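According to the numbering used here, the sequence shown is numbered sequentially starting from 632.
The C-beta atom is built at its ideal place from N, Cα and C for all residues, glycine as well.
No experiment lies behind these values; they were computed from the predicted model shown.
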Amino acid sequence: MQQIHKEKLQDLFRLVRRSYRIKSLFAVKPLEVFVEEREKRPEGKRLAESLTLIDLLGYGVGCTIGSGIYSLIGIGAGIAGPGVVISLLIAASSCVLTALAYSEFAARLPVTGSAYSYAYASFGEFLAWMIGWNLTLEYSISSAAIARGWGGYFIGFWDQWGLTLPDWINNVPCGITSLSPAAAFIVILCTIVMLFGISTSSTFNVISTIINVGILVFFIGVGGTRVVPSNWIYQQDSFVPFGAVSVFSAAGTVFFSYLGFDMVSSLAEETKNPQKNIPRGIIGSLGIAATLYVGVGLVATGLIPFQFMVPTEAPLLYALNHRGLGWAAKVVSFGALFGLTTATFTCLLGQPRIFYTMARDGLLFPFFQWTVKRFDVPVIGTIITGIFTAGVAFFMTLGALADAISIGTLMAFSLVCAGVMVLRYTGGKRDYIPISLIIAFTCVTFMSAMFFTHSLPLPVPIVFGGVAFLFFIALCFMKTYNTPTTFKCPLVPLIPCLGIAINMYMLAGLKSAAWIRLGIWLAIGILIYVFYGIWNSKMRDYVPKAPVKHTQIEVKKGSVNGTNNSVIY
């Protein structure tokens, strides 16, 4: 009798899934379909293949080193005190674990779309859409946040030379917010440069990134000579004056500082030899950024007590001036403008390519994939992204933007970590046991994190953490169907599960206002999907081919990077 009931439930589940609307929600896009679409793409819908590893490092570092280190270091110090340095390390560790998962996906699936494409290949269309929609928070909203930081340093740069600019350039009070014409201006300027093609953009980006990195090294070297160690334990007699919870909370905020390394994966279709260069670009960008961030964090909190750093929009300049290094502040303010310009530009660059991929899949309006033959860039998507981002930069403050960016991106990063395990344990088949274990591990870990960050009795988060550990042990005994012969994430499931766990703890530490903004944003995304995407999805009528014996797809010469390559799935 029990067996009969079980079979009836299974039949009901299959019936629900087979209704074409529900089926579309769960439709997984096979890896070979991504490759076939790329090979058959006509002119006018192609992207130019011209980027090298140096270009990728320039884009990754340029996008990562931006408003986070130049502006958010003060906000993070206000939450965790000098312990913000530990927060930077926690955020970096999460990003390293996630970067390994991104690198495996990028090697398996060398197409544009980043986490959106990876989610489509592992979890299905609806989650892919939601992640793609959340990536707008990472790229467009990140660019807007960085532009706000640019406005503050623009004013600070001229202040260093004794020229006081009028307040309306960057700070026009308007109710609970303030308006920034300067932020909107730099976004529009970067959008114009983007329209001239990826090659022109790359040259501009590499030069600006070199200047940016040099300035941060300069700050560490010069500022390090005037550090006062007692500032690291100022008044509170502790490097972590507000406790461990504050460190995790600050990690969720300064996590925004590391966003950008994953943008490299969205350039896969414009890269030479993407299966090797994309993983190298992702990991290399993150390593450079993390090293610089920890150095800057230590020096900044050692120059002045953290309480003095919090109120200013340009904390690095304030710290140098406080220690009598006005001449160095002038140099840093000049370099900061280059760095923030580069970060604004590179974050903007990723968003149209996400729209391009979503439109190609039928989930967004087709004009998002239109390109101009001369420059091979998604023109309409670039213009719309520029206008939207300029509007956000004009109206919203940096603090309001930072948490919204972090919450959306942490969710995307967690899904990429989970997606690597799905591909390893299902082999492209719909095996719901490993998927259920992965989802259960994620949910229980998040509950443990919520109980910990909200100061419940310690045994409660420990119990939930123990349950999550049992799910992890179960995953360790799951059969692995295939392992890629290109770059592969090591120690699966340990590395992805650690990445998910750290991401969950940072998510739990974010403010409730950030969750409310995310809920509103997701509601808008669901409406677009329900009224447009689900009806126009190309996977809606997809008929799978007969199963093949081999797990290697040969990508024809010239179809990806001008060489013979294999995509392993």
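From residue i to residue j, what does the alpha carbon distance come to, in whole angstroms?
i       : j       : result
Val1179 : Leu917  : Because the pLDDT at Val1179 is just 42, under 50, the model does not fix this residue reliably, and the value given afterwards should be weighed accordingly. Going from the Cα of Val1179 to the Cα of Leu917 covers about 37 angstroms.
Met894  : Leu1087 : 37 angstroms
Phe1025 : Pro812  : 6 angstroms
Gly1022 : Gly845  : 31 angstroms
Cys978  : Val858  : 33 angstroms
Leu956  : Trp792  : 14 angstroms
Ser833  : Gly1156 : 32 angstroms
Ile717  : Pro983  : 34 angstroms
Pro946  : Ile704  : 7 angstroms
Ile819  : Ser774  : 11 angstroms
Val1161 : Ala1071 : 27 angstroms
Val848  : Thr683  : 25 angstroms
Ala658  : Thr1084 : 36 angstroms
Ser1067 : Ile1131 : 15 angstroms
Ile1236 : Ser888  : Residue numbering for the chain in the displayed model covers 632 to 1200; residue 1236 lies beyond these limits and cannot be assessed.
Gly891  : Ile1036 : 12 angstroms
Lys660  : Thr973  : 34 angstroms
Ser725  : Ser734  : 14 angstroms
Val853  : Ala959  : 8 angstroms
Gly693  : Asn836  : 7 angstroms
Ala881  : Cys1128 : 22 angstroms
Ala778  : Lys1110 : 47 angstroms
Thr1020 : Ala815  : 8 angstroms
Phe998  : Phe850  : 45 angstroms
Gly1017 : Ile913  : 25 angstroms
Ile919  : Leu688  : 9 angstroms
Pro872  : Thr729  : 29 angstroms
Ala1177 : Ala1080 : For Ala1177, the predicted model reports a pLDDT of 49, less than 50, meaning its position is unreliable and no value from the coordinates is stated.
Ala921  : Leu719  : 8 angstroms
Leu810  : Lys907  : 44 angstroms
Val715  : Leu1041 : 19 angstroms
Thr795  : Ala708  : 28 angstroms
Ser702  : Tyr1112 : 46 angstroms
Leu951  : Ser745  : 39 angstroms
Under a Cβ-count criterion, where at least 16 other Cβ atoms within 10 Å of its own Cβ denotes burial, should residue i be classed as buried or exposed?
i       : result
Gln938  : exposed
Ala899  : buried
Val930  : buried
Ala875  : exposed
Pro910  : buried
Ile685  : exposed
Phe886  : buried
Asp1218 : This structure cannot speak to residue 1218, because the chain is shown only from 632 to 1200.
Tyr1063 : exposed
Ile721  : buried
Leu1101 : exposed
Thr856  : exposed
Cys1048 : buried
Pro860  : exposed
Using three-state DSSP, classify residue i as helix, strand or coil.
i       : result
Val1179 : Only weak support exists for where Val1179 lies, its pLDDT of 42 falling under 50; the coordinates are left without a value.
Val1053 : helix
Cys1120 : coil
Thr729  : helix
Leu1092 : As written in the sequence, residue 1092 is Pro, which differs from the Leu given in the question. Note: Pro1092 maps to helix in three-state DSSP.
Tyr1028 : The residue you asked about is not Tyr; residue 1028 is Thr in the sequence shown. DSSP places Thr1028 in coil when its eight states are reduced to three.
Ser809  : strand
Pro741  : coil
Thr1076 : helix
Leu682  : strand
Thr1111 : coil
Leu1158 : helix
Leu720  : helix
Met1170 : coil
Ser1086 : coil
Ile913  : helix
Ile1104 : helix
Pro1127 : helix
Gly707  : helix
Gly597  : This structure does not reach residue 597, given that the chain is present from 632 up to 1200, and the question cannot be answered.
Could you pull the DSSP bridge partners for residue i from this structure?
i       : result
Thr1016 : None; Thr1016 has no bridge partner.
Pro1009 : Thr1002
Thr902  : Leu682
Contiguous beta strand (DSSP E) assignments of at least 3 residues, all confined to the stretch 808 to 886
808 to 810
Taking only runs that begin and end inside the stretch 750 to 808, name each unbroken alpha helix (DSSP H) of 4 or more residues, in chain order.
756 to 791
As an exercise, report each continuous alpha helix (DSSP H) stretch of at least 4 residues that is fully enclosed by the stretch 919 to 968, in chain order.
937 to 940, 946 to 953
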